[in-house]
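Asks: Pasting a structure below so you can have a look.
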Amino acid sequence: MKRQRIQRSRSFPTRAFLVAISVVCIGLAVSAGYSFLMLVRFRDQILNSQGHNIAAAIDRQTRGPGRRDNLAVWQAVMEEGLQANRTLVAFIVLVDRSGRVLASAGEASGDVPGAPSKPMSFRQSALYMFEEVLPSPLHARRGMVSEPDGWRIRIGLYTSPAASIMRQAYVHLLMAGVAIVTLLGLTFYFLRTLRRFLELKMREESERHLAALGKMAATLAHEIRNPLGAMKGLTQVVQEELPKDYSAQALMQTVVSEAERLEQLVVDLLTFARPRDSQINRFDVQELIAGVRDMLQSKLAEAKITVDVVSDADSLIIQSDENGVRQVLLNVLLNAIDASPQGGVVTVAARRNEAAKQVTIEIDDNGAGLGDRDPEELFQPFMTTKVKGTGLGLAVSRQIVERLGGSITLANRPEGGARCTIRLPVGVR
56 MKRQRIQRSR SFPTRAFLVA ISVVCIGLAV SAGYSFLMLV RFRDQILNSQ
106 GHNIAAAIDR QTRGPGRRDN LAVWQAVMEE GLQANRTLVA FIVLVDRSGR
156 VLASAGEASG DVPGAPSKPM SFRQSALYMF EEVLPSPLHA RRGMVSEPDG
206 WRIRIGLYTS PAASIMRQAY VHLLMAGVAI VTLLGLTFYF LRTLRRFLEL
256 KMREESERHL AALGKMAATL AHEIRNPLGA MKGLTQVVQE ELPKDYSAQA
306 LMQTVVSEAE RLEQLVVDLL TFARPRDSQI NRFDVQELIA GVRDMLQSKL
356 AEAKITVDVV SDADSLIIQS DENGVRQVLL NVLLNAIDAS PQGGVVTVAA
406 RRNEAAKQVT IEIDDNGAGL GDRDPEELFQ PFMTTKVKGT GLGLAVSRQI
456 VERLGGSITL ANRPEGGARC TIRLPVGVR
C-alpha cells in the first residue's frame with residue numbers, strides 16, 4: 056500500500072505536467088494555424104486590390120460613345136493594360152454572361168477560355184485568378200439591351216509580388232511545427248529521465264527498508280537459533296528416554312516439529328538478511344527446471360499434482376547464478392503447488408526472447424488466484440497467505456532475481472489461477 060501511495064503521489068505532478076504540455080502544444084498549433092490563415096487572407100486582399108485597380112482602369116478607358124461595345128477597343132485597352140502591368144499580370148480575358156470569350160491579352164493555361172494553351176514557367180504557374188463583373192453602362196440600365204450587360208473581366212495575377220507574405224506564413228507555420236516537435240521531444244526525454252529517477256528513488260527506499268529488516272532479521276535469527284536448537288535437542292533426548300507408548304510422546308513430537316519449522320524460519324531470515332554472493336556459471340534452464348521438479352516429486356505425489364514443462368527450444372543456455380535461480384524456482388513452484396487443488400496441474404513454460412536477450416519463465420497454477428490483492432504486497436517481507444508460511448520466499452526470490460538483473464512479477468490469469476513471470480538476462484557478468 057505504501058508503494059502505491061508513493062506512486063500515486065508522484066504520478067500527480069507528471070499528469071499535471073503532461074496536461075500543461077498538451078495545452079501549450081494545442082495553443083501553438085491553433086495560433087500557427089490562425090496566423091497562417093490571416094496571412095493568406097491578407098495576401099488575397101492585396102491581390103484582389105491589384106486586380107480591382109487594373110479592372111477599374113480598363114473599365115474607365117472603355118467608356119465613351121462607340122467604345123463600350125467595340126471589342127477592338129477592348130482588345131487594345133487590355134493589351135495596353137497588360138503591357139503597363141507586365142510584372143503583375145499574366146493575362147486578361149473578357150467574357151460575356153455565358154462565358155464566351157470576347158477578347159484576351161497575354162498567355163494563360165488552357166483552363167481559361169480563349170487564352171492560348173502554352174507551357175508556363177514556374178513563375179507563371181503560381182497565378183491568382185481575379186474576376187470582376189463590369190458595371191452596366193447607364194443606357195443599358197435604361198433598356199438598351201444591345202449594350203454589354205453582365206460582361207466579366209478575368210485577370211491572372213502573379214503571386215510573386217505577395218510571395219513575401221506567404222513566405223512569412225510558411226515560416227510561422229514551420230517555426231510552430233519545430234517548436235511543437237522540440238517540445239514533445241524534450242517532454243519525452245524529461246518523462247523518461249523522471250521515470251528512471253523515480254524508479255531509482257523507489258529502489259533506494261526499498262533497499263533501505265530491506266536493509267533495516269535484514270539487520271533486525273539477522274539479530275533475531277542469531278538470538279533464536281541457539282535456544283531453539285537446545286530446546287529441540289533436549290526434547291528429542293526426552294523422547295528417546297521415555298517409552299514409545301508414553302502418553303506425552305505425541306506432544307513432544309509436536310514440539311520437535313514446531314522447532315524444525317522455526318529452524319526453517321531462521322534459515323530464511325538469515326538468507327534474506329545476508330544474501331550469499333552470486334556464483335556465475337553457464338547452465339541449461341530446462342535442465343534446472345527438470346531438476347527442481349524431481350526434487351519435489353514426493354510433495355507432488357502427496358498432493359496429486361502434475362507439473363508440465365513446456366519450452367520453445369531444445370536447450371536454453373544462460374550465464375547466471377545457477378544456485379540462486381534454483382532457489383527461486385523452488386520457492387515459486389512450492390507456492391504454486393500449495394495454491395493448486397488436489398489433482399491440479401502446474402505449468403512451467405520457458406522461452407527465449409532474442410530481442411531483449413532474456414529468458415522468460417512462466418509458472419501457472421489453477422488455484423484461486425491472487426484475488427483483489429496487490430501483487431506487489433506479496434513480495435514484501437513477512438507477507439504471506441499461508442497458515443505456516445514465513446512470508447520470505449517471494450521476498451528472497453525477488454532479491455535474487457533483481458541481483459541478477461532480472462525481474463519477477465505476479466498476476467491473475469484470465470482463465471483462473473495465478474501466474475509468476477521470471478525474466479532473466481541471458482548473460483550476467
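If you read the sequence shown in the working numbering, its first letter stands for residue 56, the second for the next number, and so on.
Idealized CB from N, CA, C, for every residue including glycine.
Computed from a prediction, not measured in an experiment: that's the story for all the values here.
Between which two residues does the alpha helix (DSSP H) harbouring V128 extend?
Replies: Counting along the chain, the alpha helix (DSSP H) containing V128 begins and ends at 126–139.
Asks: Beta carbon of I109, beta carbon of I210: below 7 Å?
Replies: Yes, the Cβ-Cβ distance between I109 and I210 is below 7 Å.
Asks: By the 10 Å Cβ neighbour count, where 16 or more other Cβ atoms means buried, how is L94 classified, buried or exposed?
Replies: Its Cβ being crowded by 16 or more others within 10 Å, L94 is buried.
Asks: Three or more C-beta pairs closer than 8 Å, one from the stretch 358–365 and one from the stretch 464–478: is that the case here?
Replies: At 8 Å Cβ cutoff, the stretches do not touch.
Asks: Is the beta carbon of I373 sitting closer than 7 Å to the one on V481?
Replies: Yes; because the gap between Cβ atoms is below 7 Å, this pair is in contact.
Asks: Since D376 contacts Q334 with CB under 8 Å, what's their CB separation in whole angstroms?
Replies: About 6 Å separates the two Cβ atoms, so the contact holds.
Asks: For S366 versus A405, is the C-beta distance shorter than 7 Å?
Replies: Yes, these two residues count as a Cβ contact at 7 Å.
Asks: Does the stretch 258–265 come close enough to the stretch 120–129 that 3 or more CB-CB pairs lie under 8 Å?
Replies: At 8 Å Cβ cutoff, the stretches do not touch.
Asks: Which residue's Cα is closest to the Cα of D339: L83, I416, T290, D323?
Replies: Here the closest residue by C-alpha is I416.
Asks: Going by DSSP in three states, G82 sits in which element: helix, strand or coil?
Replies: The answer is helix: DSSP assigns G82 an H, G or I state.
Asks: Rounded to whole angstroms, what's the CA-CA distance from R478 to Y89? Just pull it up for me.
Replies: Taking the straight line from one Cα to the other gives about 52 Å.
Asks: Run the CB neighbour count on T326, radius 10 Å, all protein chains shown included, and call it buried at 16 or more, exposed below.
Replies: Buried.
Asks: Compute the Euclidean distance between the alpha carbons of Q304 and T274, then round it to the nearest angstrom.
Replies: Near 33 Å, if we compare the C-alpha coordinates of T274 and Q304.
Asks: Can you give me the C-alpha to C-alpha distance between L447 and E432, rounded to a whole angstrom?
Replies: Computed Cα separation, rounded: 12 Å.
Asks: Return the residue from the list G119, I147, R453, N408 that minimises the CA-CA distance to P430.
Replies: Answer by Cα proximity: R453.
Asks: Measure the beta-carbon distance from L102 to Y225 and round it to whole angstroms, keeping in mind my assumption that it falls under 8 Å.
Replies: L102 to Y225, Cβ: 17 Å. No contact.
Asks: CB-CB under 6 Å to C475, same chain, minus the five flanking residues each way: which ones, in chain order?
Replies: The residues are V387, I418, L465.
Asks: From what residue to what residue does the alpha helix (DSSP H) around R468 run?
Replies: Run containing R468: none; DSSP gives neither H nor E here.
Asks: For my contact list, P343 and V380 are in at a C-beta cut-off of 8 Å; report their separation, rounded to the angstrom.
Replies: Looking at the sequence itself, residue 343 is Leu, so the reference to Pro does not match. Contact flag correct, Cβ pair sits at about 6 Å.
Asks: Cβ atoms of A160 and L137: under 7 Å apart, would you say?
Replies: Closer than 7 Å, so yes.
Asks: Using DSSP's beta-bridge definition, name the partner residues of G211.
Replies: According to DSSP, G211 bridges with F146, M184.
Asks: Could you give the residue range of the alpha helix (DSSP H) that holds Q454?
Replies: Note, Q454: alpha helix (DSSP H), 448–458.
Asks: Do L54 and A234 have their C-beta atoms within less than 7 Å of each other?
Replies: Outside the shown range of the chain, which is 56 to 484, sits residue 54, and nothing can be said about it.
Asks: Considering Cα atoms alone, identify which of G106, P120, G154, R152 is closest to M133.
Replies: Among G106, P120, G154, R152, the Cα nearest to that of M133 is on G106.
Asks: In terms of DSSP beta bridges, what is G161 paired with?
Replies: Beta-bridge pairing links G161 to F146.
Asks: Which same chain residues end up closer than 6 Å to S261 when comparing Cβ atoms and leaving out the 5 residues on each side of it in sequence?
Replies: So no residue of the chain qualifies.
Asks: Under 8 Å by Cβ, that's how I've got V79 and L238 pegged, so tell me the actual separation to the nearest angstrom.
Replies: Right, their Cβ atoms sit about 7 Å apart.
Asks: Can you tell me whether I81 is buried or exposed, with buried defined as 16 or more other CB within 10 angstroms of its CB?
Replies: Classification for I81: exposed.
Asks: Kindly indicate which three-state DSSP category V74 falls into: helix, strand or coil?
Replies: Three-state DSSP puts V74 in a helix.
Asks: Report, in whole angstroms, the separation of the C-beta atoms of A391 and D427, which I expect to be a contact under 8 Å.
Replies: Contact flag wrong, Cβ pair sits at about 20 Å.
Asks: Is it buried or exposed for L351, if we count other Cβ within 10 angstroms and need 16 for buried?
Replies: Result: buried.
Asks: Could you check what DSSP says for F338 in three-state terms: helix, strand or coil?
Replies: It is a strand residue.
Asks: Going straight from the alpha carbon of A276 to that of L324, what length do you get?
Replies: Taking the straight line from one Cα to the other gives about 6 Å.
Asks: Secondary structure at D363, three-state DSSP: helix, strand or coil?
Replies: Strand at D363.
Asks: Using 7 Å as the threshold, is the C-beta distance between R115 and V150 below it?
Replies: It is not a contact, given that the beta carbons lie outside the stated cut-off.
Asks: Which residues does DSSP list as the beta-bridge partners of T415?
Replies: T415 pairs with R406, R478.
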